[in-house]
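Trainee: The opening residue of the sequence shown carries number 3 in this note's numbering; numbering runs sequentially from there. Okay, here's the structure, questions in a sec.
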Amino acid sequence: MVRRRRATVAFCAAALAVAALLGSGCKPTRAPGPDVAESAAVPEGLRPTEAPTPAGPDNPLDRRATAPVPAGFPVTDLEFVDADQGYALFQRCDQPRACRVALVVTLDGGNSWIERPLPFTPQSRVALRVGPGTLLLLRAEPIGWFVSRDSGRTFEQRPLQPPPLEANLTGPRYVHRCPSSNPACPAPRPVLAIGGDGVEAVRTAFPPVGDLTGLQADGGGTKLWAVGRHAGTVLVAVSADQGRSWIPAGAIPLGPSILGDPPILAVSSSGADVWLAGNGYGFRRAADGRWSPVPAMKDATDLRSAVALGHDVLLLAGTRGASTVTGDRWVPDAPPEVAALRDLGGGVVQGYLASGSADTVWLCRCDSPDRQWIRVAVMAP
Numbered sequence: 003m004v005r006r007r008r009a010t011v012a013f014c015a016a017a018l019a020v021a022a023l024l025g026s027g028c029k030p031t032r033a034p035g036p037d038v039a040e041s042a043a044v045p046e047g048l049r050p051t052e053a054p055t056p057a058g059p060d061n062p063l064d065r066r067a068t069a070p071v072p073a074g075f076p077v078t079d080l081e082f083v084d085a086d087q088g089y090a091l092f093q094r095c096d097q098p099r100a101c102r103v104a105l106v107v108t109l110d111g112g113n114s115w116i117e118r119p120l121p122f123t124p125q126s127r128v129a130l131r132v133g134p135g136t137l138l139l140l141r142a143e144p145i146g147w148f149v150s151r152d153s154g155r156t157f158e159q160r161p162l163q164p165p166p167l168e169a170n171l172t173g174p175r176y177v178h179r180c181p182s183s184n185p186a187c188p189a190p191r192p193v194l195a196i197g198g199d200g201v202e203a204v205r206t207a208f209p210p211v212g213d214l215t216g217l218q219a220d221g222g223g224t225k226l227w228a229v230g231r232h233a234g235t236v237l238v239a240v241s242a243d244q245g246r247s248w249i250p251a252g253a254i255p256l257g258p259s260i261l262g263d264p265p266i267l268a269v270s271s272s273g274a275d276v277w278l279a280g281n282g283y284g285f286r287r288a289a290d291g292r293w294s295p296v297p298a299m300k301d302a303t304d305l306r307s308a309v310a311l312g313h314d315v316l317l318l319a320g321t322r323g324a325s326t327v328t329g330d331r332w333v334p335d336a337p338p339e340v341a342a343l344r345d346l347g348g349g350v351v352q353g354y355l356a357s358g359s360a361d362t363v364w365l366c367r368c369d370s371p372d373r374q375w376i377r378v379a380v381m382a383p
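In structure tokens form, the structure reads like this:
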């Protein structure tokens with residue numbers, strides 16, 4: 003009897019020990035700190051304190067969400083800053099000088115949207131422009147410009163004219179136009195260099211490319227390229243001192259084929275790849291400075307934009323959709339409804355629909371060979 007009682011006690015003790023171990027192993031544990039939704043992927047100072055709208059479908063490549071705006075409002079602007087941060091503007095103008103406008107922001111690539119109150123009462127349609135980081139501009143006629151440096155949390159009002167310097171930061175670093183200080187300057191219009199503070203610097207030297215049609219610098223600003231056309235020839239020039247002086251960098255005779263849309267210049271961030279693309283033609287600059295034709299680009303017609311992704315890859319878009327050129331191969335391997343591109347930097351490209359619909363864009367994570375296209379759509383309830 004005693005031996006049986008001892009066995010029973012030993013069995014119970016062992017069972018209790020196993021149960022304790024299993025119980026402690028199954029309890030959910032987490033380290034102290036913020037929730038996973040507030041990960042370091044969202045920069046400090048941008049993490050929303052508001053509760054976001056629930057995310058869209060489970061497919062991470064097809065993000066469809068409903069924004070917290072009045073029902074029935076159409077989307078007029080949808081712009082991203084990078085792969086995560088973007089803005090959408092909803093507007094309804096039922097009668098003159100009586101518009102209703104709503105602004106929303108996403109910090110997770112379009113999975114959820116947060117409302118940003120406007121600091122003014124709109125009287126007409128509002129224009130949205132995005133800059134680097136957390137810079138956001140709204141142009142509201144006849145009231146003025148509204149500049150935000152914290153993703154739309156707060157705004158500072160500026161007059162309509164002259165435009166605020168921050169407006170220059172929403173475009174390329176080099177432009178071909180009259181300066182704001184002399185908007186009616188005589189031809190030829192100069193090249194302007196845009197500083198980090200938005201200040202315009204007029205370059206007195208003009209690139210020897212005839213009718214200037216394009217400017218693009220590499221990611222580090224080491225070289226600035228210019229393209230133009232003259233008498234049936236595409237001319238290219240390059241500057242190594244930010245547009246203060248120029249040297250010729252190629253002449254490609256094309257004849258009547260360049261009389262339509264101007265040639266598109268595309269320079270990779272590293273500066274190693276320089277491309278010329280046009281209606282049914284393409285050239286790539288070799289290391290020795292010669293321009294080599296890319297026969298495969300004869301199929302790339304009605305082009306609207308091009309982005310040099312680096313590593314001998316060019317991303318194209320036009321009325322026939324988006325495609326890539328890798329070496330000498332043209333492949334229609336991108337969304338067919340994408341007709342225009344905007345390089346966001348860091349290997350991310352935004353694609354716009356040929357239909358002109360503003361409520362949907364495509365985001366390409368193009369920084370790796372297995373490029374990933376993500377469809378982002380936002381709508382009102």
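Quick reminder that beta carbons are idealized off the backbone N, C-alpha and C, glycines included.
Using a Cβ-Cβ cut-off of 6 angstroms (strictly less than) and excluding sequence neighbours within five positions of L162, which residues of its own chain qualify?
Mentor: G146
Trainee: Taking buried to mean at least 16 other C-beta atoms within 10 Å of its own C-beta, is N61 buried or exposed?
Mentor: Exposed: under 16 other Cβ atoms inside 10 Å.
Trainee: Let's test the definition: count the other Cβ atoms within 10 Å of the Cβ of C187 and tell me whether it reaches 16, buried, or not, exposed.
Mentor: exposed
Trainee: May I have a chain-ordered list of the beta strand (DSSP E) segments no shorter than 3 residues that lie completely inside the region 295–377?
Mentor: 305–312, 315–320, 323–328, 331–333, 340–347, 350–355, 362–367
Trainee: Nearest by alpha-carbon distance to G234: which of G262, Q244, P209 is it?
Mentor: G262
Trainee: In this structure, does DSSP put L171 in helix, strand or coil?
Mentor: Helix, per DSSP.
Trainee: State the Cα-Cα distance for the pair L105 and P119, rounded to the nearest angstrom.
Mentor: 7 angstroms
Trainee: Quick check on the burial criterion: 16 or more other C-beta atoms within 10 angstroms. Buried or exposed for L63?
Mentor: exposed
Trainee: So if DSSP puts T108 in a beta bridge, which residue, or which two residues, is it bridged to?
Mentor: G88
Trainee: Find out if the Cβ-Cβ distance for the pair D349, C368 is shorter than 7 angstroms.
Mentor: Contrary to the premise, residue 349 reads as Gly rather than Asp in this sequence. Yes, the Cβ-Cβ distance between G349 and C368 is below 7 angstroms.
Trainee: Less than 7 angstroms separating the beta-carbons of A356 and A336?
Mentor: no
Trainee: Report the residue from D86, Q374, F82, F92 whose alpha carbon sits nearest the alpha carbon of P70.
Mentor: F92
Trainee: Once the 5 residues before and after A167 are set aside, which same chain residues still bring their CB inside 8 angstroms of it?
Mentor: In the sequence as presented, Ala is not what sits at residue 167; that position holds Leu. Cβ neighbours of L167 beyond the five flanking positions: D199, G200, V201.
Trainee: With a cut-off of 8 angstroms on the beta carbons, I'd call Y176 and A207 a contact; round off their distance for me.
Mentor: Not confirmed; about 13 angstroms, so no contact.
Trainee: Cutting at 6 angstroms between CB atoms, please list the residues of its own chain near R131, excluding the five before and the five after it.
Mentor: The residues are L139, T172.
Trainee: Report all residues from its chain with a CB closer than 7 angstroms to the CB of V309; omit the five preceding and five following residues, and keep chain order.
Mentor: Apart from sequence neighbours up to five positions away, the residues of its chain that approach V309 with a beta-carbon distance below 7 angstroms are A268, L317, L343, D345, V351, ordered along the chain.
Trainee: Counting along the chain, where does the beta strand (DSSP E) carrying I249 start and finish?
Mentor: 249–255
Trainee: Residues bridged to I2 by DSSP?
Mentor: The structure shown does not extend to residue 2, since the chain is modelled only from 3 to 383, so the question has no answer here.
Trainee: Measuring straight from C-alpha to C-alpha, what distance separates T326 and R102?
Mentor: Those two C-alpha atoms are separated by around 41 angstroms.
Trainee: Between which two residues does the beta strand (DSSP E) harbouring V236 extend?
Mentor: Element bounds for V236: 235–241.
Trainee: Judging by CA-CA distance, which residue of A100, L305, G252, P144 is the nearest neighbour of D290?
Mentor: Comparing Cα-Cα distances from D290 to each of A100, L305, G252, P144, the minimum goes to G252.
Trainee: Taking the C-alpha atoms as reference points, what is the distance between T51 and V240?
Mentor: Here the model assigns T51 a pLDDT of 41, short of 50, so the residue's position is not dependable and the matter cannot be decided.
Trainee: Hey, G312 and S271 are a contact pair by Cβ (cut 8 angstroms); roughly how many whole angstroms apart?
Mentor: 6 angstroms
Trainee: Just how far apart, CA to CA, sit R205 and G273?
Mentor: 22 angstroms
Trainee: Going by alpha carbons, who is nearest to D275 out of R287, P98, I116?
Mentor: R287
Trainee: Once DSSP output is grouped into helix, strand and coil, what is the label at R6?
Mentor: Reliability of the predicted coordinates at R6 is poor, the pLDDT of 39 falling under 50, and no value is obtained from them.
Trainee: If we count the other Cβ atoms within 10 Å of its Cβ and call it buried at 16 or more, is H232 buried or exposed?
Mentor: Residue environment for H232: exposed (fewer than 16 other C-beta atoms within 10 angstroms of its C-beta).
Trainee: Could you tell me the distance, in whole angstroms, from the CA atom of A324 to the CA atom of G353?
Mentor: 9 angstroms
Trainee: Drop a sphere of 10 angstroms on the beta-carbon of V128, count the other beta-carbons inside from all chains shown, and report buried for 16 or more, exposed for fewer.
Mentor: buried
Trainee: Would you kindly work out how many angstroms separate the C-alpha atoms of G112 and W375, rounded to a whole number?
Mentor: 13 angstroms
Trainee: Tell me the residue span of the beta strand (DSSP E) that contains E202.
Mentor: 202–205
Trainee: What residue does the beta strand (DSSP E) around D213 start on, and which one ends it?
Mentor: 213–219
Trainee: Give the straight-line distance between the Cα atoms of I249 and S182, rounded to the nearest whole angstrom.
Mentor: 28 angstroms
Trainee: Is the separation between the beta-carbon of A382 and that of G154 shorter than 7 angstroms?
Mentor: Against a cut-off of 7 angstroms, the Cβ pair of G154 and A382 comes out as no contact.
Trainee: I'd like to confirm the pairing. Which residues does DSSP put opposite L162 in its beta bridges?
Mentor: Per DSSP, L162 has no beta bridge partner at all.
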